[in-house]
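Following UniProt numbering, the numbering of the sequence shown begins with 1 at its first residue and continues without gaps. By construction, the Cβ of each residue, glycine as well, lies at the ideal position given by its N, Cα and C atoms. Notes follow once the structure below has been shown.
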Amino acid sequence: FFQDENMINFIKGGLKIRTSYQIYKECHQVLQMTQGNKSKNETYCQFEGGVKLGIGAFNLMLSLLPGRILRLLEFIGFSGNRELGLCQLREGASGSSLRAILCTFTLLVYHTYVSLILGTGEANLREAESLLKPYLQKFPNGSIILFYAARIDILKGNFEKAQLRFQECIAAQQEWKQIHHLCYWELMWCYTFQQNWLQAYRYADLLSKESRWSKAIYVFQKAAILCMLPEDDLKRTGEDIVSLFRQVDGLKQRIAGKSIPTEKFAVRKARRYASSQPVKLIVPALEMMYVWNGFAIVGKRADLTENLLVTIEKEETALQNETNRNEYYMDDVCMLQLLKGLCLKHLGRLMQAELCFSKVIQSEKQIKYDSYLVPFTMYEMGLLYKQQDEREKAVRYIETAKNNYKEYSMESRLHFRIHAAL
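The structure is reproduced here in structure tokens:
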């Protein structure tokens with residue numbers, strides 16, 4: 001219900017889980033009242049672990065929500081204190097209850113996924129490694145343990161090591177195919193970061209055929225990766241890019257009557273192939289990399305970031321030399337400038353990055369379809385100034401992105417990231 005635009009449904013959804021939260025709060029009060037009790041038996045320890053998991057998870061996850069949403073939730077009895085949430089989960093993870101491993105996994109999900117996708121990309125990998133270490137020693141062949149170890153390697157930029165660990169994770173068990181699918185997703189991105197498009201296609205193809213989580217995203221991702229292949233390699237795959245993009249709209253799904261934001265984004269991009277004369281997408285795999293905050297990951301590897309910059313600049317030159325410019329021309333130019341600016345930022349070429357971001361912002365009125373580009377670029381400009389300790393400028397750009405733009409693709413995701421940045 002966090003992304004529901006209907007206020008009545010939003011409140012109804014909140015009330016449904018409020019009861020659960022209130023029970024946890026009452027249990028937490030009981031726990032605080034009995035802290036001085038020296039005779040703590042096994043039942044008490046299990047109770048304590050469960051309370052820390054519940055209070056910790058609720059506070060941590062609610063703290064991620066943008067201020068306007070959090071204020072509404074606080075009105076109906078919730079609270080979102082990040083430090084309290086992290087503290088409770090850490091205490092729960094260090095205990096010996098059955099919920100200790102669940103506290104650990106909640107923290108790992110936060111550090112390795114949530115802080116990246118819904119935050120600025122600054123993950124606490126030191127804590128993640130520390131949490132995982134005892135389980136990795138105790139269960140060296142555990143598939144979930146291997147998965148998180150590989151995910152941490154990705155976030156450190158050790159893509160080659162991560163690939164080996166994901167293969168170990170796949171080989172570790174055959175019962176839970178869903179874990180295989182998670183590995184395929186991560187392997188697809190590993191190879192995308194390295195621009196090994198054939199291998200990236202292999203895993204996108206497996207996902208589109210085996211996983212039911214989001215067929216629209218998988219087929220779009222597969223087609224986007226195929227767009228990056230040289231013509232000869234594309235022919236050898238036997239795939240029809242136009243046909244794949246045309247499938248995307250029919251594969252989108254609705255959950256509780258609502259479309260999934262990333263699927264809506266993919267559908268909008270794929271519409272360029274709907275007409276009898278399709279208009280080619282420019283570096284769609286790299287654009288999707290940005291949607292998932294992948295530049296914050298690949299940016300840890302200067303060699304791979306340089307390679308991405310070369311690819312982007314090559315497309316930029318080709319676009320500039322295009323004599324028959326279509327209606328998407330300025331959208332494509334601005335998208336390339338945003339991606340180019342991100343590469344330059346991670347390479348430490350901050351003034352050049354600022355110029356790229358400025359070009360996008362100045363071209364706002366010329367953008368016809370990809371209205372998300374300007375608010376996201378404003379946000380990136382704010383992060384750039386924040387990196388240079390220019391706090392006032394940073395806040396101004398980020399607040400402008402937050403307050404001046406509405407009804408664009410991935411709006412909710414940007415508001416989560418803005419909340420994390422401020």
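- DSSP lists 255 as the bridge partner or partners of residue 258.
- Under the three-state reduction of DSSP, residue 344 is assigned to helix.
- For the segment 289-343, the continuous alpha helix (DSSP H) assignments of 4+ residues that do not extend past its boundaries occur at 295-298, 302-320, in sequence order.
- Annotation: the continuous alpha helix (DSSP H) that includes residue 353 extends over 350-362.
- Our two residues, residue 290 and residue 71, have alpha carbons roughly 29 Å apart in a direct line.
- Annotated as distal: residue 420 and residue 398, with beta-carbon spacing of 7 Å or more.
- Segment contact: the segment 49-69 against the segment 91-109, three or more CB-CB distances shorter than 8 Å; contact assigned.
- For residue 231 and residue 237, the gap between their C-alpha atoms comes out near 10 Å.
- If you draw a straight line from the Cα of residue 263 to the Cα of residue 381, it is about 26 Å long.
- Sorting 147, 345, 235 by C-alpha distance to the C-alpha of residue 300 places 345 at the top.
- A residue is called buried when at least 16 other Cβ atoms come within 10 angstroms of its Cβ; residue 43 does not meet this threshold and is exposed.
- Apart from the 5 residues on each side of it in sequence, residue 328 sits with its Cβ closer than 8 Å to the Cβ of 272, 279, 368, 369 in its chain, given in chain order.
- When DSSP states are grouped into helix, strand and coil, residue 379 belongs to the helix group.
- The three-state reading of DSSP puts residue 90 in helix, counting H, G and I together.
- Between the alpha carbons of residue 401 and residue 334 lies a gap of roughly 16 Å.
- For residue 176, the three-state secondary structure derived from DSSP is coil.
- DSSP places residue 48 in the uninterrupted alpha helix (DSSP H) bounded by 42-63.
- Inter-residue distance for residue 169 and residue 157 is about 19 Å (C-alpha atoms, whole angstroms).
- By a beta-carbon distance limit of 8 Å, residue 111 does not contact residue 93. Their separation comes to about 12 Å.
- By the 16-neighbour rule on beta-carbons within 10 angstroms, residue 98 is exposed.
- Cβ atoms of residue 388 and residue 359 stay farther apart than 8 Å, at about 19 Å.
- With respect to residue 187, residue 203 sits close: the two C-beta atoms are nearer than 7 Å.
- Close CB contacts of residue 141 within its chain, under the 6 Å cut and outside five residues either way in sequence, are with 172 (chain order).
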